Amino acid sequence: MMSGVHRLKQSITAIKGIGDETAVALAEMNIYSIEDLLEHYPFRYEDYRLKDLTEVKHEERLTLEGKVQSEPSLVYYGRKKSRLTVKLLVDHFLIQVIFFNQPYLKKKIVLNETIQVTGKWDMHRRTITASEMQLGPSNQKEMLSPVYHVKGTITVKGIRRFLQLAFQQYGDKINETLPQHLLAKYRLPSRKESIKMIHFPSDDDDIKQARRRIVYEEFLYFQLKMQALRKFEREQSQGVMQSYDLKKLKGFLHSLPFPLTNAQKRVVNEILADMKSPYRMSRLLQGDVGSGKTVVAAIALFASISAGFQGALMVPTEILAEQHAESLIGLLQAFNIQCELLTSSVKGKKRKEILERLQLGEIDVLIGTHALIQDEVHFHKLGLVITDEQHRFGVEQRKILREKGENPDVLFMTATPIPRTLAITVFGEMDVSVIDEMPVGRKTIETYWAKHEMLERVLAFMEKELAKGRQAYVICPLIEESEKLDVQNAIDVHAALMTYFDGRYQIGLMHGRLNADEKDTVMKAFSQNELQVLVSTTVVEVGVNVPNATLMVIYDAERFGLAQLHQLRGRVGRGSEQSYCILLANPKTEIGKERMQIMTETNDGFVLSEKDLELRGPGDFFGKKQSGVPEFKLADMVHDYRTLETARNDAAMMIQSEEFWHSPSYAALRDYLHKSEVLKGEKLD
14 MMSGVHRLKQ SITAIKGIGD ETAVALAEMN IYSIEDLLEH YPFRYEDYRL KDLTEVKHEE
74 RLTLEGKVQS EPSLVYYGRK KSRLTVKLLV DHFLIQVIFF NQPYLKKKIV LNETIQVTGK
134 WDMHRRTITA SEMQLGPSNQ KEMLSPVYHV KGTITVKGIR RFLQLAFQQY GDKINETLPQ
194 HLLAKYRLPS RKESIKMIHF PSDDDDIKQA RRRIVYEEFL YFQLKMQALR KFEREQSQGV
254 MQSYDLKKLK GFLHSLPFPL TNAQKRVVNE ILADMKSPYR MSRLLQGDVG SGKTVVAAIA
314 LFASISAGFQ GALMVPTEIL AEQHAESLIG LLQAFNIQCE LLTSSVKGKK RKEILERLQL
374 GEIDVLIGTH ALIQDEVHFH KLGLVITDEQ HRFGVEQRKI LREKGENPDV LFMTATPIPR
434 TLAITVFGEM DVSVIDEMPV GRKTIETYWA KHEMLERVLA FMEKELAKGR QAYVICPLIE
494 ESEKLDVQNA IDVHAALMTY FDGRYQIGLM HGRLNADEKD TVMKAFSQNE LQVLVSTTVV
554 EVGVNVPNAT LMVIYDAERF GLAQLHQLRG RVGRGSEQSY CILLANPKTE IGKERMQIMT
614 ETNDGFVLSE KDLELRGPGD FFGKKQSGVP EFKLADMVHD YRTLETARND AAMMIQSEEF
674 WHSPSYAALR DYLHKSEVLK GEKLD
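Heads up: the sequence shown begins at 14 in the working numbering, then just goes up one per residue.
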């Protein structure tokens, strides 16, 4: 006998009435099995319930039922266009119904007969522009009609019919997946009831209750996977217990040229507690641009070295590696800690010497780019791995560096403020620390929104800043002209600025088509003030530190997300002088205008990231190439955030309890974990 679960895994052709040709068309919509069809949820509903005209708003879509009071009048105009009008008596109100381009209805509409019409209501003219009509009085059937995403030859009506067939033949095979105590605790309908109500609702409450159940289940499944990953990560990876020297660490803290913020103190304590534990640390450190992550990294490295280990810091670009090396050497050299820089530029005798000293344990901290993960790099006793801007490295690259030690502690750092919603999903298997406070005395970057017509004034302001000996970034969304998009490109802007400044200032150009060495050459020239203006695409976004740059001009700023604009803005404001960011934008949409407005109102990256997530949605937050953002069929991480938190807490408690691993009531959830990569040994990084 085939179980209910296995019956639903059968091919869609197991449903009588769905043939091979239809199955091919459904496969285009990723519907292969009966279960896939049942989980193809509606994205909205057409409301055909009859409305009281006194309660209807202007331009509201509605369905009315009434008696025909006039012969239909048909007028043709233009090429094959028509307008059909008829009077209808609805609840003692005489209204006019208009049908555009449906001349065939003239023969169907009969005087004194009852009809139903659906369309948009014009309150002032007492007119409904109808798109649908039904003959005869309402039978109250399908008053709430689900609307589905469809593709190719498949229609919404077709999907509804297939679902009716699926329910008739396999509805009783839908098994429960959640334990009864959870259904009772949250007053959730059964899985069978919820799937039936989402597709065939009798009222709004059916939709609400079904959605509540399905959203919770989707989040719970995902969070179970994340929490199981954390559990097995800890149990299967005995870390190194780093018994750091507290007295030496306090001495290092006293030597710092500035006091730590309360947020820095909090995250340092979280990191040190992880390092002292027998489990391998896997922690994400988030901090806005300029919040002091480098100092936190230095403290963690110092602690590891005082415990007799080595540390590694991997960053995405050579210039960033050099800047980190300079900062860390400045903080650590007084304590006789040996820091070295290893990038692709370090060659020959110098490289050989670094590799030998590293293997002998004579180098305490190695800072570098992807050069750190090459086969020839061997540590003597690696205890701590720090990866900066970790989403810039692939999973494999991060894994290789981690494997250069015996389960070293791992700290991921990012200056991209990630909303809590995404942090507990995308990075759900990690612990998360947040530096949500800026050091005292840091000047706020003044941000202005200017329309393209104001370009002359913007360039005049730029010239004033350059005349003071300052430098400026100019950011463009494209490298060269695009026929599809009417936006400024870096090559044209560079040429225009060369003409405008006419040799008074040196202007550089940097974009993604340059190789790593070419980019580094341009950035070094800019950081040494050999170039006063740098025209660039968003390759300048990460980590570049040029304290003398005080102006950031962003062309077509509406084309960037808030998080990206904030990252770009963070390239200025790194010195003691007042800095400015000018957003050149003529946004065509209200959302575009709202993005520009909020950028001028706040410098808080976390506020902006939450707003960005709200405006753009989770899939687009990191950009198209970002993997790891889960796609749910019905749940929405932003709007269903409270349910996400509840599911996360429930999943954490389940994974830690003995009952979850042995009780029959959790069998379906355990089965899901066993089928996922979590329990296969294919653990996510």
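Beta carbons are placed, not taken as given, at the ideal position from N, Cα and C, and that holds for glycine. Owing to the predicted nature of the structure, the values given are computational and were not obtained by experimental measurement.
Here's a check: name, in chain order, each residue in its chain whose Cβ is nearer than 6 Å to the Cβ of residue i, leaving out the five neighbours to either side.
i, result
"residue 145", "131"
"residue 147", "129"
"residue 536", "332"
"residue 74", "133"
"residue 457", "616"
Of all the options the options, which has the alpha carbon lying nearest to the alpha carbon of residue i?
i, options, result
"residue 345", "308, 230 and 355", "308"
"residue 311", "265, 104, 320 and 299", "265"
"residue 126", "82, 683 and 31", "82"
"residue 699", "650, 275 and 645", "Absent from the structure is residue 699, since the part of the chain shown begins at 14 and ends at 698."
"residue 590", "174, 485, 75 and 685", "485"
"residue 523", "454, 531 and 92", "531"
"residue 85", "119, 475, 443 and 112", "119"
"residue 601", "581, 280 and 570", "570"
"residue 226", "210, 539 and 488", "210"
"residue 243", "521, 669 and 614", "669"
"residue 559", "303, 653 and 505", "303"
"residue 123", "52, 29, 68 and 98", "98"
"residue 446", "430, 171 and 207", "430"
"residue 357", "138, 381, 339 and 338", "381"
"residue 326", "239, 516, 426 and 256", "426"
"residue 469", "453, 435, 432 and 509", "509"
"residue 257", "235, 620, 64 and 285", "285"
"residue 59", "45, 170 and 68", "170"
"residue 158", "121, 112 and 215", "215"
"residue 318", "377, 251, 416 and 291", "377"
"residue 392", "399, 379, 206 and 68", "379"
"residue 251", "671, 173, 290 and 108", "290"
"residue 576", "625, 65 and 52", "625"
"residue 542", "563, 89, 280 and 29", "563"
Using DSSP bridges, identify the partner residues of residue i.
i, result
"residue 594", "460 and 565"
"residue 521", "547"
"residue 159", "58"
"residue 306", "The partner list for residue 306 (beta bridge, DSSP) is empty, contrary to what the question assumes."
"residue 24", "46"
"residue 674", "According to DSSP, which records beta bridges pairwise, residue 674 is partnered with nothing at all."
"residue 63", "76"
"residue 145", "131"
"residue 422", "397"
"residue 601", "According to DSSP, which records beta bridges pairwise, residue 601 is partnered with nothing at all."
So, is residue i buried or exposed, given that buried needs 16 or more other C-beta atoms within 10 angstroms?
i, result
"residue 478", "buried"
"residue 369", "exposed"
"residue 623", "buried"
"residue 355", "buried"
"residue 154", "Model confidence at residue 154 stands at a pLDDT of 48, short of 50, so the residue's coordinates are unreliable and nothing is read from them."
"residue 295", "buried"
"residue 254", "exposed"
"residue 367", "buried"
"residue 684", "exposed"
"residue 193", "exposed"
"residue 675", "exposed"
"residue 363", "exposed"
"residue 694", "Low confidence applies here, because residue 694 scores a pLDDT of 43, under 50, leaving its location unreliable and the question unanswered by this model."
"residue 20", "buried"
"residue 212", "buried"
"residue 483", "buried"
"residue 688", "exposed"
"residue 197", "exposed"
Looking only at its own chain, which residues have a Cβ that is under 8 Å from the Cβ of residue i, when we skip the five neighbours before and after it?
i, result
"residue 459", "591, 592, 593 and 594"
"residue 135", "71, 72, 141 and 142"
"residue 394", "321, 322, 323, 374 and 418"
"residue 9", "The shown model of the chain, from 14 to 698, leaves out residue 9, and the question about it has no answer."
"residue 686", "237, 238, 241 and 692"
Residues in the same chain with beta-carbon distance under 7 Å from residue i, minus the five sequence neighbours each way, listed in chain order, please.
i, result
"residue 647", "54, 224, 227, 228 and 231"
"residue 114", "94 and 95"
"residue 164", "41 and 42"
"residue 666", "none"
"residue 149", "127"
**Prompt:** Considering only residues of the segment 326–379, which uninterrupted beta strand (DSSP E) runs meet the minimum length of 3 residues and lie entirely inside it, listed in chain order?
**Reply:** The segment 326–379 contains these whole beta strand (DSSP E) runs: 352–355.
**Those runs of the alpha helix (DSSP H) which lie wholly inside the segment 195–262 and span at least 4 residues** = Restricting attention to alpha helix (DSSP H) runs no shorter than 4 residues, the segment 195–262 encloses them at 204–212 and 217–249, ordered along the chain.
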